[in-house]
């Protein structure tokens, strides 16, 4: 499992606890965190996590790769000129360092469920993601309108896939695998994928470049809609989410 990290102190303790809770033999897991241009205490949090848990994992690596990139404020101009290329280089760097049979990218603003790795491995796909919703800021009433899965439309642009299954993803009872043209953020890749495909600039994001290159090389892309994770897009939403989770736990406790 690997991810780039920048200024994530606000969510890292919760994120790392979710990683720790993954129901997969930790002696088989290697964790790689690449800290880049971070100005908060993210590195300190990671070092503490490593000190406390290095004995239960096969390996935990923390690397620093500063590129003096501007902060991603979801501004389209900054993203096109800097962020997408920056993230591509970070992800390519990670892929060059990984030697395991599979690589799982889990972005640091995503809180996964314990069974995520086992469920995605069951699909036996070279490229498969779990589902997240990205619309909590632009469309908070209907965040499912902006999932992390897309298809190419008749004009050659990627557009979000919105179906009843996507809308009801958090409650899907069994694996629901869909072939897609673009996905990312919480994704499992086989070794033959991450050793032959690269991320790069695309006006719709670095994932678009990666997915197109993968398809051009004959790989198919899938998403298991039943493997749903929570995309926590701000500190405010994290507080709301943790409060809702706490209340739900209390209300269902016998």
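Numbering (this note's numbering), first residue to last: 1398 to 1651. A virtual CB, placed ideally from N, CA and C, is assigned to each residue, including glycine. Predicted model only: the values in this text are computed from it and were never measured.
From 1641, 1541, 1409 and 1521, residue whose alpha carbon lies closest to that of residue 1437: Taking the chain shown and counting its residues from 1, one reaches residue 1437 at position 40. Closest by alpha carbon: 1409.
With 16 other Cβ atoms within 10 Å as the buried cut-off, status of residue 1733: Nothing can be reported for residue 1733, as the shown portion of the chain is limited to 1398 through 1651.
Test item: CB-CB of residue 1580 and residue 1520 under 7 angstroms: Taking the first residue of the chain shown as 1, we reach residue 1580 at position 183. Taking the first residue of the chain shown as 1, we reach residue 1520 at position 123. For the 7 angstroms CB-CB criterion, residue 1580 and residue 1520 do not form a contact.
Beta-carbon proximity of residue 1490 to residue 1587, cut-off 7 angstroms: In the chain shown, counting from the first residue as 1, residue 1490 sits at position 93. In the chain shown, counting from the first residue as 1, residue 1587 sits at position 190. Taking 7 angstroms as the Cβ cut-off, residue 1490 and residue 1587 do not qualify as a contacting pair.
Sheet register partners of residue 1527 (DSSP bridge): In the chain shown, counting from the first residue as 1, residue 1527 sits at position 130. Looking at the DSSP assignment, residue 1527 forms a beta bridge with 1621.
Own chain partners of residue 1441 with C-beta closer than 7 angstroms, once the 5 adjacent residues on each side are dropped: Residue numbering aside, residue 1441 sits at position 44 when the chain shown is read from its first letter. Closer than 7 angstroms at the Cβ level, and outside the excluded window around residue 1441, lies no residue.
Residue 1596 vs residue 1533 beta-carbon contact at 7 angstroms: Here residue 1596 is taken as the residue at index 199 of the chain shown, counted from 1. Here residue 1533 is taken as the residue at index 136 of the chain shown, counted from 1. Against a cut-off of 7 angstroms, the Cβ pair of residue 1533 and residue 1596 comes out as no contact.
Whole-angstrom distance between residue 1452 and residue 1559, CA atom to CA atom: For the purposes of this step, residue 1559 is identified with residue 162 of the chain shown, where counting begins at 1. For the purposes of this step, residue 1452 is identified with residue 55 of the chain shown, where counting begins at 1. Their Cα atoms are separated by approximately 43 angstroms.
Environment of residue 1629 [buried if 16+ CB atoms lie within 10 Å]: Counting from one through the chain shown, the residue named residue 1629 turns up at place 232. Flag for residue 1629 reads buried.
Sequence ranges, alpha helix (DSSP H) only - wholly within the segment 1506-1575, length at least 4: List check, alpha helix (DSSP H) in window: 1513-1519 and 1561-1564.
Contacts around residue 1547, its chain only, beta-carbon distance under 7 angstroms, and the 5 residues preceding and following it disregarded: Along the chain shown, one-based indexing puts residue 1547 at 150. The beta carbon of residue 1547 sits closer than 7 angstroms to those of 1555, 1556, 1557, 1558, 1577, 1578 and 1579, all from its chain and outside the five residues before and after it, given in chain order.
Residue 1400 - containing beta strand (DSSP E), residue span: As a working mapping, residue 1400 is identified with position 3 in the chain shown. Where residue 1400 is concerned, the enclosing beta strand (DSSP E) stretches over 1399-1402.
N- and C-terminal bounds of the beta strand (DSSP E) containing residue 1492: Indexing the chain shown from 1 puts residue 1492 at position 95. Per DSSP, residue 1492 belongs to no beta strand (DSSP E); it is in the alpha helix (DSSP H), 1481-1494.
Residue span of the alpha helix (DSSP H) that contains residue 1432, given as start and end: By 1-based counting over the chain shown, the position of residue 1432 is 35. Run containing residue 1432: none in the alpha helix (DSSP H); it sits in the beta strand (DSSP E), 1427-1432.
Beta strand (DSSP E) segment containing residue 1439, residue limits: Sequence index remark: in the chain shown, residue 1439 carries index 42 (1-based). DSSP places residue 1439 in no beta strand (DSSP E) but in the uninterrupted alpha helix (DSSP H) bounded by 1439-1450.
Per-residue burial, residue 1636 [other beta carbons within 10 Å of its own, 16 or more giving buried]: Your numbering for residue 1636 matches position 239 in the chain shown. Residue 1636 is exposed by the Cβ-count criterion.
Limits of the unbroken beta strand (DSSP E) element including residue 1458: In the chain shown, counting from the first residue as 1, residue 1458 sits at position 61. Segment 1456-1461, the beta strand (DSSP E) holding residue 1458.
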